[in-house]
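Q:
Number of protein chains: 2
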Amino acid sequence: MQNFDYMTPTRLIFGENAIAKLHDVMAGLGRRVLLTYGGGSIKKIGLYDRVKELLNDFEITELPGIQPNPKYDPSVLEGVRLCKENNIDAILSVGGGSVLDCSKAIAAGAKYDGDPWDLITYKVKAKAALPIVDILTLAATGSEYDCGGVISRTDTNDKIGYVDPLLFPVASFLDPRYTFTVSRKQTAAGCADAMNHTIEQYFCEDSTLLNDGFCESMLRSLMVNTRKCLENPEDYTARAEMMLCCTYGCNGILSLGSSDSGWPCHGIEHALSAYYDITHGEGLAIITPRWMQHILNEHTLDRFVKYGINVFGIDASLPEQEIARKAIDATYAFFESIGIPMHLREVGIGEERLDEMVHHIAVNEGLENAYVPLTEKDIKEILVASL
Amino acid sequence: MQNFDYMTPTRLIFGENAIAKLHDVMAGLGRRVLLTYGGGSIKKIGLYDRVKELLNDFEITELPGIQPNPKYDPSVLEGVRLCKENNIDAILSVGGGSVLDCSKAIAAGAKYDGDPWDLITYKVKAKAALPIVDILTLAATGSEYDCGGVISRTDTNDKIGYVDPLLFPVASFLDPRYTFTVSRKQTAAGCADAMNHTIEQYFCEDSTLLNDGFCESMLRSLMVNTRKCLENPEDYTARAEMMLCCTYGCNGILSLGSSDSGWPCHGIEHALSAYYDITHGEGLAIITPRWMQHILNEHTLDRFVKYGINVFGIDASLPEQEIARKAIDATYAFFESIGIPMHLREVGIGEERLDEMVHHIAVNEGLENAYVPLTEKDIKEILVASL
Numbered sequence: 001m002q003n004f005d006y007m008t009p010t011r012l013i014f015g016e017n018a019i020a021k022l023h024d025v026m027a028g029l030g031r032r033v034l035l036t037y038g039g040g041s042i043k044k045i046g047l048y049d050r051v052k053e054l055l056n057d058f059e060i061t062e063l064p065g066i067q068p069n070p071k072y073d074p075s076v077l078e079g080v081r082l083c084k085e086n087n088i089d090a091i092l093s094v095g096g097g098s099v100l101d102c103s104k105a106i107a108a109g110a111k112y113d114g115d116p117w118d119l120i121t122y123k124v125k126a127k128a129a130l131p132i133v134d135i136l137t138l139a140a141t142g143s144e145y146d147c148g149g150v151i152s153r154t155d156t157n158d159k160i161g162y163v164d165p166l167l168f169p170v171a172s173f174l175d176p177r178y179t180f181t182v183s184r185k186q187t188a189a190g191c192a193d194a195m196n197h198t199i200e201q202y203f204c205e206d207s208t209l210l211n212d213g214f215c216e217s218m219l220r221s222l223m224v225n226t227r228k229c230l231e232n233p234e235d236y237t238a239r240a241e242m243m244l245c246c247t248y249g250c251n252g253i254l255s256l257g258s259s260d261s262g263w264p265c266h267g268i269e270h271a272l273s274a275y276y277d278i279t280h281g282e283g284l285a286i287i288t289p290r291w292m293q294h295i296l297n298e299h300t301l302d303r304f305v306k307y308g309i310n311v312f313g314i315d316a317s318l319p320e321q322e323i324a325r326k327a328i329d330a331t332y333a334f335f336e337s338i339g340i341p342m343h344l345r346e347v348g349i350g351e352e353r354l355d356e357m358v359h360h361i362a363v364n365e366g367l368e369n370a371y372v373p374l375t376e377k378d379i380k381e382i383l384v385a386s387l
Numbered sequence: 001m002q003n004f005d006y007m008t009p010t011r012l013i014f015g016e017n018a019i020a021k022l023h024d025v026m027a028g029l030g031r032r033v034l035l036t037y038g039g040g041s042i043k044k045i046g047l048y049d050r051v052k053e054l055l056n057d058f059e060i061t062e063l064p065g066i067q068p069n070p071k072y073d074p075s076v077l078e079g080v081r082l083c084k085e086n087n088i089d090a091i092l093s094v095g096g097g098s099v100l101d102c103s104k105a106i107a108a109g110a111k112y113d114g115d116p117w118d119l120i121t122y123k124v125k126a127k128a129a130l131p132i133v134d135i136l137t138l139a140a141t142g143s144e145y146d147c148g149g150v151i152s153r154t155d156t157n158d159k160i161g162y163v164d165p166l167l168f169p170v171a172s173f174l175d176p177r178y179t180f181t182v183s184r185k186q187t188a189a190g191c192a193d194a195m196n197h198t199i200e201q202y203f204c205e206d207s208t209l210l211n212d213g214f215c216e217s218m219l220r221s222l223m224v225n226t227r228k229c230l231e232n233p234e235d236y237t238a239r240a241e242m243m244l245c246c247t248y249g250c251n252g253i254l255s256l257g258s259s260d261s262g263w264p265c266h267g268i269e270h271a272l273s274a275y276y277d278i279t280h281g282e283g284l285a286i287i288t289p290r291w292m293q294h295i296l297n298e299h300t301l302d303r304f305v306k307y308g309i310n311v312f313g314i315d316a317s318l319p320e321q322e323i324a325r326k327a328i329d330a331t332y333a334f335f336e337s338i339g340i341p342m343h344l345r346e347v348g349i350g351e352e353r354l355d356e357m358v359h360h361i362a363v364n365e366g367l368e369n370a371y372v373p374l375t376e377k378d379i380k381e382i383l384v385a386s387l
C-alpha cells in the first residue's frame with residue numbers, strides 16, 4: 001500500500017431544492033460574484049432566473065458562452081479580466097464540468113499578475129485563488145468534488161489537466177432535477193466519463209480489496225442507473241445516484257493507497273478532443289476497450305478476471321483468458337448499448353492527423369510510466385484499432 | 001434518495017513515517033500545544049519521544065491518562081482547565097479513538113466559558129473550538145475522520161455522542177506501523193467496531209446500489225484483513241487496509257442519500273459500556289447478531305439476503321429465509337472466530353441492572369425512530385438474548 005496525503009474539503013449540498021442554501025453560502029464569500037455558464041441551457045430550465053432571484057442583493061458580473069473542452073482563449077482570459085476589473089470576491093459556476101473547469105482556471109488566474117498559462121502549465125505555482133461555488137447541471141466529470149480542471153488551447157492543440165488544492169470548490173450544489181433535461185448523448189457520455197475515471201483507478205498495481213470493491217460498486221451502479229436515466233430521463237432516484245457516482249470519480253477516494261495508473265485513456269483522449277473537439281466521454285468510451293485489449297497480458301490477467309466477475313457477473317468457472325476477453329467485450333457492448341458511437345470515424349476522426357496526435361501524446365502525456373507502459377508504437381496501435 | 005449536506009475537510013496523512021510532516025502541520029496552528037494521550041503505550045512504542053523530538057520548539061502541556069470510554073470527569077474537565085490556563089493554540093491527540101474523542105470535547109470546552117457539559121448535551125451550541133490534530137495508534141472508531149466523539153459521565157451513567165462540524169481534525173496522521181503492537185483483543189474489538197459502523201449504515205431504508213456496494217466492500221475487507229492482522233500483527237499491508245477501512249466508518253460517506261438508521265446497536269451498547277465500562281467494540285459484537293435476529297422480518301428480509309450473498313458469499317439459490325439466517329449465523333461466527341467474547345456474562349454483565357439499562361436506553365436513545373423501531377420490550381429481548 002502506498003503512502004498518501006489526501007483531503008477533499010468541498011461541501012456537497014445535495015438534493016431537491018438544494019440551492020435554497022445558495023444565498024447563505026455565497027454571503028460568506030463576498031458580494032461581488034462572477035457568474036459563469038455555458039450555452040444557455042441553464043436559462044431554458046429556469047435555473048438562471050432562480051439564481052439571479054436568490055442573489056438579488058449581490059453584484060453579479062456574467063461570463064456566458066463557456067464551451068465544452070473549455071478554451072484558454074477566450075474563456076479563461078476573459079474571465080480573469082472580468083475578475084480583475086470588477087474586483088470579484090467569488091466565482092459561481094452554473095453548468096457542467098466544462099464551466100467549472102474553466103472557472104477554476106479563472107479563480108487562480110484572477111489572483112496572479114502574469115499570464116494564467118504559467119499557472120496551468122505549472123511554470124508558476126499559484127499562491128491564492130478566488131473561492132469557487134458551483135451548481136452542477138451535468139453528471140460526468142467529478143470536477144465538483146476535486147481540485148482540478150482541464151483547459152484546451154486551440155493554437156497549440158494542448159489540453160492540460162491543471163490541479164491545485166487551492167481549487168476545491170467551497171461548496172457544490174447538486175440537485176438531480178437539473179439533469180432531467182440532459183440529452184441522451186450527454187447522459188451516455190457522462191456515464192462513460194465516470195466509468196473511465198473508475199477504470200483508470202481500478203487497473204493499477206497495489207490495489208486493495210477496499211478500493212476494488214468501491215470501484216466495482218461504482219461501475220455497477222453507473223451502468224444500472226444510466227440505463228434507467230435513458231429509459232426515463234426524469235427518474236429522480238436514478239439521476240441522483242448517477243450524480244453521486246460521478247462526484248466520486250476524480251478526487252482520488254477510489255484509489256487511496258493504490259499506485260497511480262497514469263490515467264492512460266485520459267492521456268490518449270486529451271489529444272483527440274484537443275485536435276478534434278469531440279465529446280470527452282465519447283472519446284474515452286472509444287479508447288477504453290481498445291486500450292484494455294492492448295494491455296491484456298499475463299501480468300494484467302488477474303485484474304481483468306476480477307473486473308469481469310465482479311462488474312459484469314461473468315461465470316467465475318470459465319478459463320481466465322475467456323473471462324478477460326468477455327469482460328472487454330462487455331465493456332464495449334455496454335457503451336454501444338447506451339448509444340455511444342464506438343469508432344473514431346463516427347466522431348469525425350480519420351487517419352489524417354493520427355501520427356501527429358500519436359507523437360503529441362507520446363511526448364506530453366508521460367504514458368511510459370502508466371500501469372502498463374505505453375510507447376509511441378503502443379499508442380498508435382490503440383488508436384488504429386479505434387478508428 | 002434523501003437530501004444531504006456533507007463535508008469532511010480533514011486531511012489524511014497516511015503511511016510509513018507520515019509524521020515527518022507533523023512539524024509543518026502544527027506550525028500552522030500555533031506554538032502552544034496540549035498533548036493528550038492514554039495509558040502510556042505511546043511511550044512503549046517510542047512515539048511519545050518521537051513527537052517530543054519533532055516538536056522540540058513548541059511549548060507542550062500534557063494531559064496523560066485518558067481512559068477508554070473517556071470520562072467527562074476528570075479528563076475533559078482537566079483538559080479544558082489546562083487549555084485555558086496555558087492559553088493553548090491547538091490540541092495534539094496521540095492514541096486511539098478514546099483519546100481523540102476526549103480531545104474533541106476539550107477543544108470545544110476550551111472556547112466556552114460555562115460548563116462543557118452544556119455543549120456535549122447540546123444545551124448550548126459551540127461557537128468555536130481549538131484546532132485538533134491526531135496521530136492514530138488504533139484502527140477502530142473512525143474518529144480521525146469525523147466530527148464527533150463519545151463522552152461518558154460516571155455519576156449519571158450517561159454516554160453521549162457529541163457531534164459538531166467544528167470538531168473535524170485538521171489533520172490525521174495514520175501510520176499503520178503504530179498499530180503493530182495493538183493486542184489481539186483490541187485488534188478484534190476495533191474490527192467489530194468498524195464492522196458495526198458499516199452495518200448500522202447498511203441496514204436502512206432508501207439505500208443505493210452505490211452505498212450497498214461500498215458497505216459490502218468495507219465488511220469483506222475488514223474481515224479478511226483482521227484475520228491477517230491476527231495471524232501476523234506486523235503485516236503492514238493488512239494493518240494499513242484495516243486502518244483505512246476504519247477511517248471511513250463514521251463520517252457518513254457510506255450512507256450519503258440513505259435514510260438514517262438511528263444506529264440502534266450503538267444506542268444499546270452505549271448503555272452497556274456506560275454502566276459497566278466494557279470495551280465498546282466487544283459490546284457491539286455481542287449485540288449485533290442478536291439485534292439482527294430480532295429485526296429479521298418480511299420487510300427486512302431483502303436486506304439480509306443481499307448482505308448474506310454479497311458479504312459472506314452465501315449461495316443465492318437457497319430460500320431467502322435460509323440465506324438470512326445463515327447471514328446472521330455467519331456474523332456471529334466471524335466475531336467468535338476472532339476471539340471476541342460473545343455473551344454479556346463473559347464481559348461481566350449479568351441480569352442485575354438489566355432493567356435499569358433497558359429503561360435508560362428506551363428513554364435516551366430515540367430507538368423508536370430506528371430502521372426497525374425498538375420499544376423498551378424489544379430492547380430487553382435483545383439484551384436478554386445477549387446474556
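Going line by line, the protein sequences match chains A and B.
Mapping the first sequence onto the working numbering, position 384 (from 1) lands on 384, and the numbers just tick up by one.
Mapping the second sequence onto the working numbering, position 227 (from 1) lands on 227, and the numbers just tick up by one.
Note that beta-carbon positions come from the ideal geometry of N, C-alpha and C, so glycine has one too.
Return the residue from the list B:I278, B:I349, B:M292 and B:H343 that minimises the CA-CA distance to A330 of chain B.
A: When each option's Cα is compared against that of A330 of chain B, the closest is B:M292.
Q: Pick from A:L136, A:P341 and A:G348: whose alpha carbon is nearest that of I410 of chain A?
A: In the structure as shown, chain A starts at 1 and stops at 387, and residue 410 of chain A therefore has no counterpart that could be examined.
Q: With a CB to CB cut of under 7 Å and the five nearest residues on each side skipped, what residues in its chain are close to P9 of chain A?
A: Closer than 7 Å at the Cβ level, and outside the excluded window around P9 of chain A, lie F168.
Q: How many angstroms separate the CA atom of V363 of chain A from the CA atom of M1 of chain B?
A: Distance between the alpha carbons of V363 of chain A and M1 of chain B is about 46 Å.
Q: Quick check: does the Cβ of D302 of chain B come within less than 6 Å of any heavy atom belonging to the ligand GTP?
A: Ligands in the displayed structure: none, and consequently the ligand GTP is not present.
Q: If the cut is a Cβ gap below 9 Å, which residues of chain A does V224 of chain B touch?
A: Chain A residues near V224 of chain B: L209.
Q: Our contact map puts A370 of chain A next to G262 of chain A with C-beta atoms below 8 Å; I'd like the distance itself, whole angstroms only.
A: Right, their Cβ atoms sit about 3 Å apart.
Q: With DSSP as the reference, label R61 of chain A as helix, strand or coil.
A: At residue 61 of chain A the sequence reads Thr, which differs from the Arg that was named. Reduced to three states, the DSSP call for T61 of chain A is strand.
Q: What is the residue span of the alpha helix (DSSP H) that A171 of chain B lies within?
A: Element bounds for A171 of chain B: not the alpha helix (DSSP H) but the beta strand (DSSP E), A171 to L174.
Q: Please decide whether M195 of chain A counts as near chain B, where near means a Cβ-Cβ distance under 7 Å.
A: Output row for M195 of chain A: interface = no.
Q: Is the beta carbon of F335 of chain A sitting closer than 7 Å to the one on A192 of chain A?
A: Result yes, Cβ atoms of F335 of chain A and A192 of chain A sit closer than 7 Å.
Q: With DSSP run on the structure shown, which of helix, strand or coil describes T300 of chain B?
A: DSSP places T300 of chain B in coil when its eight states are reduced to three.
Q: Cutting at 6 Å between CB atoms, please list the residues of its own chain near P289 of chain A, excluding the five before and the five after it.
A: Contacts found: I328, T331 and Y332.
Q: Do the CB positions of D89 of chain A and R32 of chain A come within less than 7 Å of each other?
A: Cβ atoms of D89 of chain A and R32 of chain A: closer than 7 Å.
Q: How would you write the range of the beta strand (DSSP E) that L92 of chain A sits in, first residue to last?
A: Run containing L92 of chain A: A90 to G95, per the beta strand (DSSP E) assignment.
Q: Please report whether the beta-carbon of L12 of chain B lies at a distance below 7 Å from any beta-carbon of chain A.
A: It does: the Cβ of L12 of chain B has a partner Cβ on chain A nearer than 7 Å.
Q: Step through the CB atoms of chain B and report whether any lies within less than 7 Å of the CB of C245 of chain A.
A: Interface residue, yes.
Q: Within 7 Å (strictly less), CB to CB, does F214 of chain B reach chain A?
A: Judged by the 7 Å Cβ criterion, F214 of chain B is in contact with chain A.
Q: On the CB-based measure, 16 or more other CB atoms within 10 Å of its CB, does Y162 of chain B come out buried or exposed?
A: Buried is the call here.
Q: Which residues in chain A sit within 9 Å of F4 of chain B, going by Cβ to Cβ distance?
A: Correct list: L12, I13, F14 and G15.
Q: Please list, in chain order, the residues of the stretch 72-94 of chain A that have any C-beta partner in chain B closer than 7 Å.
A: Listed in sequence order: no entries.
Q: Within the 7 Å Cβ cut-off, does E241 of chain B reach chain A?
A: Yes, its Cβ sits closer than 7 Å to a Cβ of chain A.
Q: Output the distance between the C-alpha atoms of N211 of chain A and N87 of chain B, rounded to the nearest integer angstrom.
A: Distance between the alpha carbons of N211 of chain A and N87 of chain B is about 43 Å.
Q: Do three or more CB pairs link the stretch 229-237 of chain B to the stretch 176-189 of chain B at distances below 8 Å?
A: Yes, the stretch 229-237 of chain B is in contact with the stretch 176-189 of chain B.
Q: Can you give the Cα-Cα distance for R153 of chain A and P131 of chain A, rounded to whole angstroms?
A: Their backbone Cα atoms lie some 24 Å apart in a straight line.
Q: Rounded to whole angstroms, what's the CA-CA distance from L55 of chain A to E376 of chain A? Just pull it up for me.
A: In a straight line, the C-alpha of L55 of chain A is about 51 Å away from that of E376 of chain A.
Q: Mind pulling the beta strand (DSSP E) runs of 3 or more residues that sit fully within the stretch 82-142 of chain A?
A: Correct list: 90-95 and 132-136.
Q: If you measure between the beta carbons of R325 of chain A and L387 of chain A, is that distance less than 7 Å?
A: Taking 7 Å as the Cβ cut-off, R325 of chain A and L387 of chain A do not qualify as a contacting pair.
Q: Can you give me the start and stop residues for the alpha helix (DSSP H) that V163 of chain B sits inside?
A: Element bounds for V163 of chain B: not the alpha helix (DSSP H) but the beta strand (DSSP E), D158 to V163.
Q: I'd like to know whether the C-beta of P64 of chain A is nearer than 7 Å to at least one C-beta of chain B.
A: No, because no Cβ of chain B sits closer than 7 Å to the Cβ of P64 of chain A.
Q: May I ask which residues mark the beginning and end of the alpha helix (DSSP H) holding D260 of chain A?
A: Note, D260 of chain A: premise wrong, no alpha helix (DSSP H); not H, not E.
Q: How about F214 of chain B and S217 of chain A: do their beta carbons lie closer than 7 Å?
A: A contact, by the Cβ cut-off of 7 Å.
Q: Give a yes or no on whether the C-beta atoms belonging to T36 of chain A and S103 of chain A are separated by under 7 Å.
A: Taking 7 Å as the Cβ cut-off, T36 of chain A and S103 of chain A qualify as a contacting pair.
Q: Looking at K380 of chain B and V358 of chain B, is the spacing between their C-beta atoms short of 7 Å?
A: Going by C-beta atoms, V358 of chain B is nearer than 7 Å to K380 of chain B.
Q: Locate the alpha helix (DSSP H) running through P289 of chain B, then write down its first and last residues.
A: Per DSSP, P289 of chain B belongs to the alpha helix (DSSP H) from H280 to I295.
Q: If contact means a Cβ-Cβ distance below 7 Å, which residues of the stretch 286-315 of chain A contact chain B?
A: Residues: none.
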